[in-house]
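Report on the structure given below.
Protein chains: 2
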Amino acid sequence: MKILVIGAAGMVGRKLVTALLQSGQVGGQAVSALTLADVIEPEVVAAQVPVTTVAADLSTDGVATSLLADRPDLIFHLAAIVSGEAEADFEKGYRINLDGTRYLFEAIRLAGVSAAYRPRVVFTSSIAVFGEPLPEVIGDTHERTPLTSYGTQKAIGELLLADYSRRGFLDGIGIRLPTIVVRPGKPNKAASGFFSGIIREPLAGLEAVLPVDDTVRHWFASPRAAVGFLLHAAAMDTVLLGNQRSLSMPGLAATVGDEIAALERAAGAKATALIRRERNEAIASMVAGWPQAFDAKRAIALGFKGDGSFDDIIRIYVEDELGG
Amino acid sequence: MKILVIGAAGMVGRKLVTALLQSGQVGGQAVSALTLADVIEPEVVAAQVPVTTVAADLSTDGVATSLLADRPDLIFHLAAIVSGEAEADFEKGYRINLDGTRYLFEAIRLAGVSAAYRPRVVFTSSIAVFGEPLPEVIGDTHERTPLTSYGTQKAIGELLLADYSRRGFLDGIGIRLPTIVVRPGKPNKAASGFFSGIIREPLAGLEAVLPVDDTVRHWFASPRAAVGFLLHAAAMDTVLLGNQRSLSMPGLAATVGDEIAALERAAGAKATALIRRERNEAIASMVAGWPQAFDAKRAIALGFKGDGSFDDIIRIYVEDELGG
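Following this line, the structure appears as structure tokens:
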């Protein structure tokens, strides 16, 4: 099975590649070759199978077609400009998140004209496709009314994925990732960055700014759970999806207060004392429009598995990023 | 008030132009100039104000920008490839229905860079944005899961309209038109054409083919009601829309049997005898996935008005198309 990972240099992309090489198979089929693409050259990884790295921008003419040269059987499309950046740079957000996605789907369709080709495409969507009016718990058939350009671009990606799948051009599945915590490394430009920051920085002995109230409730998954979602999406029977090709993933609903309590259990009051409350009205008002919780019945019935508790999420961060 | 109508040569477009010129105003503001654009040159109409006609394809480079040369205050975007054709010609459907719409919105955004510009944009969407799973009556917050490429393109148009409105680039309102009956003239390529045909042809003494069962229930509006929706959308206070810029219009739910009964009341059994039942599985299975009825609470609360009965719909056709 030949696999293409677009967005392979990102946090989730790198963890996915590690998991693919560790298991050596997807749904019982052996991985035979891996192509890793991103706008910055992905790190070369040691592997038993041929691994090709490509530095290329999916929104540039011809790139999508060239990425399909060896006709991969499975494509993970994780590449995206994050919410904060897509909001700050309107044109760049649409170019990467909408045009890039469409060029990929079009290249797949056109690759199928000369000879049959219908790869599995796992597309990472986002809970940002949902916006006001929002119930406290969002069900599986709730309408998509995004409140950001990023959410709009992801919602459009979901619509294209469903139509291209319905027409038989590809075999798509869109997974709406919860907010990933705890993100390792430095903060990125996502407006949701503080959800990770208030755990990551105190565990490193650093101060973290909390721009919203402790009562803010949100929907989370660990990077390990996110990789699990991707691998399950790659192997599952997509006939079960019908025409609804995108699914809200089973995250964990927790408040900022729940996060802080879990941090205190893990690292004591000296850690939580490093959280500095400094309300930021712009971030607070953006976050107020975000989903708080989902009833992810469909995804659970289809076998997707989330995290058990915020304590688990912190433990996974400590194990995977801080050496246990 | 300068007005641009894109798709002005279509059935609804022509009736809209007539109505605009008859009233001479929109929301109390006098119409000062009218530009009529379509892929085929719109008919020149007699008017008290300057009327310009343009034959141009919105999906062609530079066309959208040139249509905005006189910075219209109000833009009706009605241009679209219909459902049957968008399904038959995948590339053409996406080019006209998605690219054309996006080019228009982009040209508006870029026209606002040099000097403030934020026109009202009335976009005709469609109930084809809804697909399985469908409740018997579709509410105002139902998810969009289109089952056709046309419905997908319209759903994407709605998402773009909302995002461009939220960002302040335009002041958009999307109206999801019911299926328009009775369409005058010849059948077009829409799969829904028979809903008009079984009224129109018998009234002209011609045979009409009915490809589905009498029990099929669907959602209708007369052309006169459709023009009323467009004019109301052009004048209403869009602040009331919030971030939900697209609305299902108040149509009339009726079965094919209801249609035929109304035809019999209007023109007797000699008319209904001209309906030949010839089931077409392809059309029947497509229609089975279509919406049957809506609870259009929001639109009604915002002042949109539909038809009262199918008898009214036939009466309007006879008055407006057959000279009473």
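Chains as they are written, first to last, in numbering that gives the first Met the number 0: chain Y, 0 to 323; chain S, 0 to 323. Even for Gly, the Cβ is constructed at its ideal location relative to N, Cα and C.
C-beta contact flag for residue i and residue j at 7 Å
i	j	result
Y/D228	Y/G250	A small fix is needed here, since residue 228 of chain Y is Phe in this sequence, not Asp. It is not a contact, given that the beta carbons lie outside the stated cut-off.
S/D306	S/A224	yes
Y/A7	Y/L67	no
Y/Y102	Y/R70	no
Y/R297	Y/L160	no
S/M0	S/V25	yes
S/A207	S/I197	yes
S/A61	S/D294	For clarity, residue 61 of chain S is Gly in the given sequence; the question names Ala instead. Their beta carbons are not under 7 Å apart, which means S/G61 does not touch S/D294 by this criterion.
Y/D98	Y/S58	yes
Y/V366	Y/Y316	The displayed coordinates of chain Y run from 0 to 323. Any statement about residue 366 of chain Y would go beyond what the structure contains.
Y/T271	Y/E258	no
S/G256	S/D213	yes
Y/V265	Y/I313	It is Ala, not Val, that sits at residue 265 of chain Y in the sequence shown. Yes.
S/V48	S/A32	yes
S/L331	S/M248	Only positions 0 to 323 of chain S appear in the structure, and residue 331 of chain S is not among them; the question remains open.
Y/S148	Y/G92	yes
Y/V325	Y/G150	Only positions 0 to 323 of chain Y appear in the structure, and residue 325 of chain Y is not among them; the question remains open.
Proximity winner among the options, relative to residue i (alpha-carbon distances)
i	options	result
S/I282	S/E86, S/I107 and S/D162	S/E86
S/D56	S/G83, S/R94, S/R199 and S/F89	S/R94
S/H141	S/A154, S/Y149, S/T147 and S/L66	S/A154
Y/A46	Y/A18, Y/S65 and Y/A54	Y/A18
S/Q291	S/R264, S/I259, S/L301 and S/T254	S/T254
S/L77	S/F89, S/E90, S/E84 and S/D37	S/D37
Y/V121	Y/D98, Y/L246 and Y/G302	Y/L246
Y/P183	Y/I174, Y/V81, Y/Y149 and Y/S195	Y/S195
Y/E200	Y/P41, Y/L321 and Y/D213	Y/L321
Y/T34	Y/I172, Y/V211 and Y/V53	Y/V53
Y/D170	Y/G92, Y/L146 and Y/R119	Y/R119
Y/A203	Y/M248, Y/L209, Y/S148 and Y/K269	Y/K269
Y/I179	Y/Q152, Y/S124, Y/L209 and Y/G167	Y/S124
Y/T64	Y/I107, Y/E135 and Y/G156	Y/I107
S/L301	S/L239, S/S308, S/G27 and S/K91	S/L239
Y/F104	Y/L20, Y/G167 and Y/G288	Y/G167
Y/T100	Y/P145, Y/G83, Y/G173 and Y/A127	Y/G173
Y/R275	Y/E318, Y/Y149 and Y/V211	Y/V211
Y/R216	Y/E84, Y/W289, Y/D319 and Y/E280	Y/W289
S/F75	S/H231, S/E40 and S/A127	S/H231
DSSP-derived helix/strand/coil call for residue i
i	result
Y/A268	helix
Y/A68	coil
Y/L133	coil
Y/K304	coil
Y/S284	helix
S/R297	helix
Y/I324	For residue 324 of chain Y there is no data in the structure shown, the boundaries of chain Y being 0 and 323.
Y/K151	Residue identity differs from the one stated: residue 151 of chain Y is Thr in this sequence, not Lys. If DSSP states are grouped into helix, strand and coil, Y/T151 belongs with the helices.
Y/S82	helix
Y/A220	strand
Y/T237	helix
Y/A292	strand
Y/A127	helix
S/R314	helix
Y/A55	coil
Y/L321	coil
S/L246	strand
Y/L229	helix
Y/L77	coil
Y/L146	coil
S/L158	helix
Where residue i meets chain Y, residues with beta-carbon distance less than 7 Å
i	result
S/E142	T140, H141, E142 and R143
S/A154	L158
S/F293	Simply none; closest approach about 14 Å.
Chain-ordered neighbours of residue i on chain S, where CB pairs are closer than 7 Å
i	result
Y/Q243	T144
Y/F122	Correct list: empty, because the minimum Cβ distance to chain S is about 15 Å.
Y/F228	By Cβ distance, chain S contributes nothing, its closest Cβ being about 21 Å from Y/F228, past 7 Å.
Per-residue contacts from residue i into chain Y (C-beta, under 8 Å)
i	result
S/G130	N242
S/R94	Result: empty, since nearest Cβ-Cβ is about 11 Å, beyond 8 Å.
S/S148	D162 and R166
S/T151	L158, L159, A161 and D162
Beta-carbon neighbours of residue i, restricted to chain C and to distances below 7 Å
i	result
S/F104	Reference to chain C is not applicable here, since the protein chains of this structure are Y and S.
| query | At what residue ranges does the stretch 87-125 of chain Y contain a whole run of the beta strand (DSSP E), taking only runs of 3 or more? | reply | 119-125
| task | Taking only runs that begin and end inside the stretch 161-209 of chain S, name each unbroken beta strand (DSSP E) of 3 or more residues, in chain order. | result | 170-176 and 207-209
| task | Go through the stretch 2-53 of chain S residue by residue and report every complete run of the alpha helix (DSSP H) that reaches 4 residues or more, in order. | result | 10-22
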